Structure formats: C-alpha cells, structure tokens
Amino acid sequence: MTNRFRALPLRSRLALLAATAVAVAVAVVSTACWFVVRGKLYDAVDDKLLTRAESLNLRAVSVELTLRGCPQTAVPQNQFAPPRDYYYQLVRADDDRPCVFAADSVGTVRVEDGDQAVARQADPRIKSYRDGTDTEGNPVRVLTVAASVDAGNAVVRDTALMIGVPLGETERTLNDLALLLLAVSGIGVVGAGAAGLAVARTGLRPVDRLTGAVEHIARTEDLNVRIPVDGEDEIARLSRSFNAMTAALASSRDLQKQLIADAGHELRTPLTSLRTNIELLARSEETGRAIPADDRRALLASVKAQMTELAALIGDLQELSRPDVGASGRVQVVALHEIARTALDRARLRGPELTFTATLEPWYVRADHAALERALVNILDNAVKFSPPGGEVEVGLRAGELWVRDHGPGIPPEELPHVFERFWRSQSARALPGSGLGLSIVARTVREAGGDATLTPAEGGGTRAVIRLPGAASPPPAMP
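Structure representation (structure tokens):
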C-alpha cells in the first residue's frame with residue numbers, strides 16, 4: 002500500500018491526503034454531532050417520562066388491579082380512540098410479569114432484572130432509565146421508579162413503577178440525521194479532493210517549470226535557462242537557488258572554455274618554437290650538414306628553456322585545477338612568517354644580485370601550507386623578475402598584512418584591474434618568461450584562506466603587492 006501511494010504523482014498524493022484529512026475531520030465532527038443530538042433527544046424523552054411519573058397518583062390503583070386481577074397486556078385501542086403515547090405498568094420484585102394499570106397504555110414493556118432490582122428498593126428517589134422493547138419488539142425508552150402502592154388497608158411494597166414511551170419518532174429523526182450527515186460528509190470529501198487537486202496543481206506549477214527547466218538542461222546542456230521568480234515562498238527560494246546554480250555552472254563552463262583556449266594559446270608558442278628547433282637539429286643529422294657549435298649550443302639552450310617553460314606552465318595549470326583546500330582537507334594552522342622566510346630564501350637564489358630587506362613579525366593563519374608557500378614564491382618571483390640589476394626588494398609582515406615592494410618599472414594603472422586574471426600579462430612582461438598564471442594562483446590561494454590580495458603602484462616607482470590574511474600573532478594552544 003505504501004509503495005502504491007509513493008508511486009502516485011505528487012499532486013495526486015496531495016489531493017488524496019487532503020481528501021483523507023477532510024474525511025477524518027468530517028467523520029469526527031459528524032459522529033460527535035450525531036451523539037450530541039441523540040443525547041439531547043434522549044434527555045427530552047427522559048424529562049417527559051419523569052414529568053409523567055410525577056403526575057401519576059398511585060393511590061388510585063385498585064386492589065383488584067395490583068394484587069388480583071392484574072392484566073398482563075394493555076386494552077386494545079379502537080380506531081376512534083385518540084392515540085396513546087405511554088406504557089404504564091407496575092412490576093414486583095418477585096414477579097417478572099408486568100401489571101398494566103392504565104387503560105390508555107400503549108402496550109406492555111418487557112421486564113428486566115434491573116427493573117426488579119429497583120422494585121426491591123424502598124426509596125422512591127431511586128430512578129432508572131434504560132432502552133428496552135415492548136412485547137412486539139418496538140424500541141421503548143423506559144423509566145423505572147421505586148414505589149409503594151397503598152391498596153386499601155395494606156401497603157404493597159417491593160413494587161416499581163415503569164413508564165415507557167415509544168422511540169420510533171426519535172429513531173427516525175436520528176436515522177434521518179445520520180443520512181444527512183453521511184451525504185454532507187461525502188460531498189465534503191469529494192469537494193476536498195477536488196480542491197486539493199486544484200491547490201496541488203496551482204502550488205506545483207512552479208515545480209513543473211523547474212522540472213521542465215532541469216529536463217531541458219539535461220537534454221540540451223543549455224545553462225542559460227532561467228526560471229521566472231514570483232514571491233518569497235519556498236518555491237521562489239528554490240527557483241532563485243536553481244537560477245544561481247545554473248548561472249554559476251554557466252560561468253564555470255565559460256571559464257573552463259576560456260582556460261582551455263588560453264592554455265592552448267600559451268602552449269602553442271613554446272611548442273612551435275620547440276618543434277622548430279628540434280626539426281633543425283634533426284635535419285642537420287639527416288643531411289649530415291653540421292650546425293656550427295655556437296648555433297648548436299644556442300639551439301639546445303633554447304630547447305632547454307622551452308622545456309622549462311612548458312613544465313612551469315603545466316605545473317601552474319595543475320595548481321589551478323586542484324580542488325579547493327577546504328574540500329581537500331589540507332587546511333591547518335601555519336606560521337605565515339616562517340613560510341615567508343622560506344620563500345625569501347628561494348627568491349635570493351633566483352636574484353643573487355638583488356638586495357632583500359625583510360621585517361617579519363609572527364602571524365599564524367589557517368591555510369594549505371604548500372599552496373600558501375607557492376603563492377608567496379610567485380609574488381617574490383615577480384618582484385625579482387621586474388627589479389633592475391642591483392635593485393632592492395622590500396618584504397614586511399605586520400598584523401596579518403604581508404607586503405612585497407620592488408623598484409621596477411611598475412604596472413600602468415589601466416592594467417591593474419587585470420593582473421589577477423589567468424594568462425594575462427602586461428605589454429612589458431610578454432618578452433619575459435612566465436605563463437601568466439602566477440598571480441591567478443596567488444589570488445585563489447589567498448581567497449581560499451579567507452584573505453585578499455592587491456597590487457598598487459609604489460611611491461617612488463615600482464609595485465607594491467599586499468596580502469591580507471586573518472589570523473593571530475600567537476599560535477593556538479594545541480600547536481607546538
């Protein structure tokens with residue numbers, strides 16, 4: 002049953018749930034209404050019986066009626082007599098045969114043990130209401146009251162008065178009410194199901210649009226599809242999230258295409274030069290025409306430099322393609338000042354003719370150690386690359402702000418917004434070795450560590466690179 006329910010469409014399940022909920026509510030209300038009306042009708046009948054019992058004068062019952070010639074059935078009613086509404090009879094504790102004492106009694110009510118138990122009580126305040134039947138099987142509401150009958154000079158005890166009233170009209174009223182409530186309940190359930198289906202269709206229309214958009218994207222891979230958003234409900238939030246997701250995917254795909262195109266362009270130049278040089282060397286071997294020694298050394302040096310450039314470019318591409326540090330689980334608390342010292346040692350090897358001045362204060366951050374070291378090396382490499390011979394490179398770290406300043410030609414202001422883009426290189430740097438990915442790697446690494454990186458012109462010439470990372474001046478307690 003559960004599997005069949007889950008196999009239904011969502012709107013059908015919502016309509017079925019709505020109809021079920023209304024059916025349960027209507028059933029509870031209808032049942033409660035029926036029992037309340039029944040209780041009120043029976044209370045009215047009981048009040049009617051009690052009023053009739055209090056109006057009787059038992060002293061008028063004759064000795065012959067009560068003790069001797071007590072008839073066991075009522076006198077038949079002729080067609081000209083007015084209708085009779087009550088059953089009148091006495092019952093004794095030791096005799097289950099009723100004694101009809103009123104000529105206008107409708108008939109005789111069957112005596113039960115409860116009636117004889119009341120007869121054994123001497124207290125007239127004892128009363129008993131019950132449902133019973135007469136001798137013909139008709140439903141009757143019966144009131145039994147303990148009573149003492151004064152029969153001349155004798156007092157007859159252990160006697161109870163039984164007064165009954167037919168329940169035919171009451172039962173018909175209750176049956177009519179039950180049929181009416183059943184009809185109203187059925188109409189309510191059908192209406193609830195139709196309303197639930199209509200509400201489900203209206204409420205799920207945005208979901209249908211979302212489903213259609215997802216199916217369209219899966220079929221055509223068109224990430225430019227957007228869903229109209231109306232309102233501030235959960236469906237609207239889902240639509241906004243879907244639009245943001247498709248926009249992010251489209252942007253990611255565009256960036257991927259751009260990366261592939263740029264990487265292909267960057268790889269083409271060294272590969273073309275490398276192929277040309279190798280073809281010259283191969284042709285010299287095939288023809289037997291030796292290349293002069295100086296030219297051969299120059300070709301081999303060019304081949305080596307191009308291989309180094311290709312290796313660096315491939316390494317930068319691998320760095321950019323790696324997962325985020327948060328996903329890789331390599332984030333840890335690292336000493337930024339120690340990483341800066343290591344990067345400085347590597348930079349001194351690449352620029353032995355330069356002067357490096359460093360002021361590094363302790364600062365601890367949460368980052369990927371290897372990625373952060375590579376980012377600092379890239380910053381220092383740029384400073385070394387653009388510094389004039391015998392120039393100075395200044396490095397400082399204070400309160401989470403690391404700066405590297407060189408005294409090179411600087412970067413034109415119009416080119417500063419592009420310095421962190423992939424494969425971007427200024428006009429003055431295109432003749433120098435490099436892939437154009439170094440600063441992109443810096444920006445990504447710093448962003449993943451929760452910081453930011455900027456390049457600005459330095460006073461007096463040159464460029465000032467600044468990296469800001471959140472952290473603390475002292476290590477956490479768990480760090481040695």
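Every position in the sequence shown, counted from 1, becomes a number in the working numbering once 1 is added.
Ideal Cβ placement from N, Cα and C applies to all residues, glycine included.
These figures come from a predicted structure and were not determined experimentally.
Item: Taking only runs that begin and end inside the stretch 143-216, name each unbroken alpha helix (DSSP H) of 4 or more residues, in chain order.; Value: 169-204
Item: Quick one: what does DSSP say P414 is sitting in, helix, strand or coil?; Value: helix
Item: Give me the Cβ distance between G108 and D135, rounded to the nearest whole Å; I'm assuming they're in contact under 8 Å.; Value: 5 Å
Item: Figure out for me which residue from P410, S31, A474 and R448 has the closest Cα to the Cα of T464.; Value: P410
Item: Thinking C-alpha only, which one of V191, A348, Y89 and L183 is nearest A54?; Value: Y89
Item: Grab me the residues of T455's own chain with a C-beta within less than 7 Å of its C-beta, minus the 5 sequence neighbours each way, in chain order.; Value: V467
Item: Would you identify the three-state DSSP class for T457, choosing helix, strand or coil?; Value: strand
Item: In three-state terms, what does DSSP make of Y43?; Value: helix
Item: When DSSP builds the beta bridges, which residues end up paired with V366?; Value: V335
Item: If you pair each beta-carbon of the stretch 15-31 with each one of the stretch 194-204, do three or more pairs fall below 8 Å?; Value: yes
Item: Suppose you measure from the CA of A302 to the CA of L281; what does that come to, to the nearest Å?; Value: 14 Å
Item: Tell me the rounded alpha-carbon separation between A368 and Q257.; Value: 25 Å
Item: According to the Cβ coordinates, are R93 and A118 closer than 8 Å?; Value: no
Item: Looking at the unbroken beta strand (DSSP E) that takes in Q90, where does it start and where does it end?; Value: Y88 to R93
Item: Nearest to T212 by CA position, among I228, E222, D223 and I188, is which residue?; Value: I228
Item: In chain order, what residues of the same chain have a beta carbon less than 6 Å from the beta carbon of A348, not counting five sequence neighbours either side?; Value: L381 and V385
Item: Rounded to the nearest angstrom, how far is the Cβ of V23 from that of G189, given a contact under 8 Å?; Value: 6 Å
Item: Looking at the secondary structure, which residues open and close the beta strand (DSSP E) in which A359 lies?; Value: T356 to L361
Item: Go ahead and pull the three-state DSSP assignment for G115.; Value: helix
Item: What does the alpha-carbon distance come out to for the pair G115 and D159?; Value: 13 Å
Item: Given N225, which residues of its chain have a CB within under 7 Å of its CB, disregarding the five upstream and five downstream residues?; Value: A251
Item: Taking Y365 as the reference, which of L470, M246, A193 and E235 has the closest Cα?; Value: L470
Item: I need the DSSP call for G352, collapsed to helix, strand or coil.; Value: coil
Item: Who are the near neighbours of V27 in its chain, counting only those whose CB is closer than 6 Å to its CB and skipping five residues on each side?; Value: S186 and G189
Item: Tell me the rounded alpha-carbon separation between L178 and L168.; Value: 15 Å
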